[in-house]
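Presented below is the structure to which this report refers.
Protein chains: 2
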Amino acid sequence: MKELKNDLLLRACRREPTERTPIWIMRQAGRYLPQYRKVREKADFLTMCKTPELAAEVTLQPVEIIGVDAAIIFSDILVIPEAMGMELEMRESVGPVFPKPVRDENDVKKLKQINPFEELNFVLEAVKLVKRELDGKVPLIGFSGSPWTLMTYMVEGKGSKNFSKVKSLIFNRPDLAHALLEKITLAVTDYLNAKLFSGVDAVQIFDTWGGILAPEDFREFSLKYVKKIVENLNRNNRQPVIFFPKGVHSNLKEIAETGADAISVDWTVNIGDVRRQVGESLAIQGNLDPTALYGRKDVIEKKARKVMEDYGRGTGHIFNLGHGILPDVPVENAKALVDFVKEFSGEFH
Amino acid sequence: MKELKNDLLLRACRREPTERTPIWIMRQAGRYLPQYRKVREKADFLTMCKTPELAAEVTLQPVEIIGVDAAIIFSDILVIPEAMGMELEMRESVGPVFPKPVRDENDVKKLKQINPFEELNFVLEAVKLVKRELDGKVPLIGFSGSPWTLMTYMVEGKGSKNFSKVKSLIFNRPDLAHALLEKITLAVTDYLNAKLFSGVDAVQIFDTWGGILAPEDFREFSLKYVKKIVENLNRNNRQPVIFFPKGVHSNLKEIAETGADAISVDWTVNIGDVRRQVGESLAIQGNLDPTALYGRKDVIEKKARKVMEDYGRGTGHIFNLGHGILPDVPVENAKALVDFVKEFSGEFH
């Protein structure tokens, strides 16, 4: 393994001292970048995911253009259900669709155990390409959706407002829901281990839809499986795990005990309150309101400073937005944020 | 004022002893009822709101059909911006649209001060009709959107995913945002006072979009104005105020201090935790997951019992869903919930 020149993210995750606060931005390889849109003109979204050269190209863009402290491999969480045998379509202005969603025993039974080195080798190839190109400049993050979040898509079949299908499943057929979650958990574990094996320096687990569950349902249908994944990761180089249960504002104590090194929090909570509640056992990532980047430069700086002040002094803070960067944010605003955090976070360390 | 035969809701809001827990359901006068859909076939949504006889008819339906302990006047929160002079359209499968949203000083200046006894008299007529028909059977609730929630619609002009327009406004032109919020606050206050004058027994303020704000922005752009409204209501008969800041899981202490008698909480928090945090100063409404009504009868009962157990013994609990009832819920499931709460909540009192 090549030594990293900038390992701020890893040290912050491990709560080791850092000179300043590291920053990266969820969805930083995305549509707000003209250079990304140019690649996207040549290939549709899934083709970009499945062509290692293109995925690597857009992964590297934000490191160069806005100067973030980490790269995150360009991909989509739904490559896992596809690898498990589900047909996946990306429909313009609709989003991802599974024309044949998982609804009964037979559908669950049909889902394959994946071999990430086969079905998902395109991601692993992209990881290797990016690692080579980065040449130790910054760490590379790999990611996956949580089993619960993947299951919502697999059962609903498409974007949903009320999640009636997946909620009916967990309420009326908890046995079948758990059987499905077990299968997905195995696939996610194998996938993240393959990414770690291929060279990612950290992994993030996105639980995008954890926030639609009542507290006890979140523990039973989401958190339990995240914990199982974290326990089964092969982290030979102490690669950190970041867990992002978006919109989940209950169960903080339980969330802190998954074995993840860091939790990522959205912008509707005070990051200082979260720190006070989880204690000093965990790093915390976040949590600037993504729409703050619609503000003028002085607004962005004021709000970014507030996040750092709320977190307070010492290591363990990874600066990020509270959710993905929005596609209509001006690039210069994203860069202003990164510059500001790099320049002024030193005083908190 | 005619004496109410069932005043459980009012007593629970005031934390006076009750024999059992009162229950009503947000959006109980809605599409899940075949009788509602029948009325809706004859008239579009806004016509229903503006025809006192139709509004009264659907308001009364759930009291008869599922047996709830309160009626809530059928209306829409967007009648206020319309009364202030904004053109409002209901577009099929899009929802409400303001073709000319509020974007600058001039737009704010043009908004009229309302006289609810003129522009919104149809609501007040409906209130009087319902009160007459109810004949003291159960209390009648009036409602309004919060100034922040109304402003999001008025500025965005239509449903929004990222709320980029209204967020840009509060970040880059807080002065203008506050001027707009002041105007809306006055309108909401006058409107709710006219409803109280016309006979509603309680009011609920819906802050549907409070949950998209960072904690400090929620205090500045939402909570401050809700507090101002509550302070200026003429509650000559101690009519309770219920405040529902949906998806807001910060600022609980500040929310408890608006002067509202009760807060309504969504299903992603434990209602017992909320009770422990706000103490015994406030009643709490909620918070069954609306999708629990997709469950079988035994599932609904188990989950309803859990909500009551979580709240614990004593008065101050108003049973409700954590958000509006969903349109594809079977009526018999809604009725099963109401029956169960009525039959089994006595043991908590």
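Those protein sequence lines, which keep their order, are chains S and G. For the first sequence, this note's numbering begins at 12 and goes up steadily by one. For the second sequence, this note's numbering begins at 12 and goes up steadily by one. Built from N, CA and C at the ideal position, the CB exists for glycine as well.
Per-residue burial, residue i [other beta carbons within 10 Å of its own, 16 or more giving buried]
{"i": "Ser275(S)", "result": "buried"}
{"i": "Glu98(G)", "result": "exposed"}
{"i": "Val237(S)", "result": "buried"}
{"i": "Pro73(G)", "result": "buried"}
{"i": "Lys308(G)", "result": "exposed"}
{"i": "Gly325(S)", "result": "exposed"}
{"i": "Thr58(S)", "result": "exposed"}
{"i": "Arg249(S)", "result": "exposed"}
{"i": "Phe128(S)", "result": "exposed"}
{"i": "Trp153(S)", "result": "The residue asked about is misnamed: residue 153(S) is Gly in this sequence, not Trp. Per the 10 Å Cβ criterion, buried."}
{"i": "Asp55(G)", "result": "exposed"}
{"i": "Val105(S)", "result": "exposed"}
{"i": "Gln215(S)", "result": "buried"}
{"i": "Glu68(G)", "result": "buried"}
Through-space distance from residue j to residue i, alpha-carbon basis
{"i": "Gly222(S)", "j": "Thr219(G)", "result": "16 Å"}
{"i": "Pro338(S)", "j": "Pro301(S)", "result": "10 Å"}
{"i": "Val141(S)", "j": "Leu65(S)", "result": "10 Å"}
{"i": "Tyr180(G)", "j": "Ala190(G)", "result": "Sequence check: residue 180(G) is Leu here, not Tyr. Spanning the two alpha carbons is a distance of roughly 11 Å."}
{"i": "Leu203(G)", "j": "Phe217(G)", "result": "12 Å"}
{"i": "Arg143(S)", "j": "Phe109(S)", "result": "34 Å"}
{"i": "Pro341(S)", "j": "Leu20(S)", "result": "25 Å"}
{"i": "Val241(S)", "j": "Lys169(G)", "result": "42 Å"}
{"i": "Gly283(G)", "j": "Gly335(S)", "result": "32 Å"}
{"i": "Pro107(G)", "j": "Leu244(S)", "result": "48 Å"}
{"i": "Ser292(S)", "j": "Glu320(S)", "result": "19 Å"}
{"i": "Tyr305(S)", "j": "Val280(S)", "result": "20 Å"}
{"i": "Glu7(S)", "j": "Pro226(S)", "result": "The shown model of chain S, from 12 to 360, leaves out residue 7(S), and the question about it has no answer."}
{"i": "Glu116(S)", "j": "Glu312(S)", "result": "52 Å"}
{"i": "Gly41(G)", "j": "His328(G)", "result": "24 Å"}
{"i": "Arg26(G)", "j": "Gly156(G)", "result": "25 Å"}
{"i": "Glu193(G)", "j": "Leu131(G)", "result": "19 Å"}
{"i": "Glu358(G)", "j": "Ala267(G)", "result": "27 Å"}
{"i": "Thr62(S)", "j": "Ala94(S)", "result": "15 Å"}
{"i": "Asp87(G)", "j": "Ser356(S)", "result": "47 Å"}
{"i": "Leu263(G)", "j": "Val134(S)", "result": "44 Å"}
{"i": "Ile195(S)", "j": "Pro185(S)", "result": "15 Å"}
{"i": "Pro112(S)", "j": "Glu167(S)", "result": "6 Å"}
{"i": "Ala271(S)", "j": "Phe232(S)", "result": "18 Å"}
Cβ of residue i within 9 Å of any chain G Cβ
{"i": "Ser233(S)", "result": "no"}
{"i": "Asn117(S)", "result": "no"}
{"i": "Glu227(S)", "result": "yes"}
{"i": "Lys264(S)", "result": "no"}
{"i": "Gly333(S)", "result": "yes"}
{"i": "Phe56(S)", "result": "no"}
{"i": "Asp218(S)", "result": "no"}
{"i": "Lys257(S)", "result": "no"}
{"i": "Val166(S)", "result": "no"}
{"i": "Val310(S)", "result": "yes"}
{"i": "Ser157(S)", "result": "no"}
{"i": "Lys169(S)", "result": "no"}
Neighbour flag for residue i against chain S, beta carbons, 9 Å
{"i": "Ala81(G)", "result": "no"}
{"i": "Ala347(G)", "result": "no"}
{"i": "Leu337(G)", "result": "yes"}
{"i": "Arg307(G)", "result": "yes"}
{"i": "Ala315(G)", "result": "no"}
{"i": "Leu224(G)", "result": "yes"}
{"i": "Pro301(G)", "result": "yes"}
{"i": "Ser104(G)", "result": "no"}
{"i": "Asn183(G)", "result": "yes"}
{"i": "Phe174(G)", "result": "yes"}
{"i": "Asn281(G)", "result": "yes"}
{"i": "Val237(G)", "result": "no"}
{"i": "Asp1(G)", "result": "What the structure shows of chain G is the stretch from 12 to 360, and residue 1(G) is not part of that stretch, so it cannot be assessed."}
{"i": "His260(G)", "result": "yes"}
{"i": "Lys16(G)", "result": "no"}
Whole-number beta carbon distance between residue j and residue i, since they are thought to touch under 8 Å
{"i": "Ala315(S)", "j": "Val352(S)", "result": "6 Å"}
{"i": "Asp80(S)", "j": "Pro33(S)", "result": "4 Å"}
{"i": "Trp35(G)", "j": "Ile83(G)", "result": "7 Å"}
Contact test: residue i Cβ vs the ligand ZN heavy atom, cutoff 8 Å
{"i": "Asp146(S)", "result": "No copy of the ligand ZN occurs in the structure displayed, which carries no ligand at all."}
Worksheet item: Can you list the alpha helix (DSSP H) stretches of 4 or more residues lying completely in the stretch 153-182 of chain S, in chain order?
Response: 158-167
Item to complete: Quick one: which unbroken alpha helix (DSSP H) runs of 4-plus residues sit fully inside the stretch 210-249 of chain S? Chain order, please.
Response: 226-229, 235-242
Worksheet item: Counting only runs that start and end within the stretch 236-316 of chain G, where is the alpha helix (DSSP H) found for 4 or more residues in a row?
Response: 263-266, 282-289
Discussion item. Please give the ranges of any alpha helix (DSSP H) in the stretch 77-122 of chain G, keeping only runs that are unbroken, at least 4 residues long and fully inside the region.
Written reply: 90-94, 116-121
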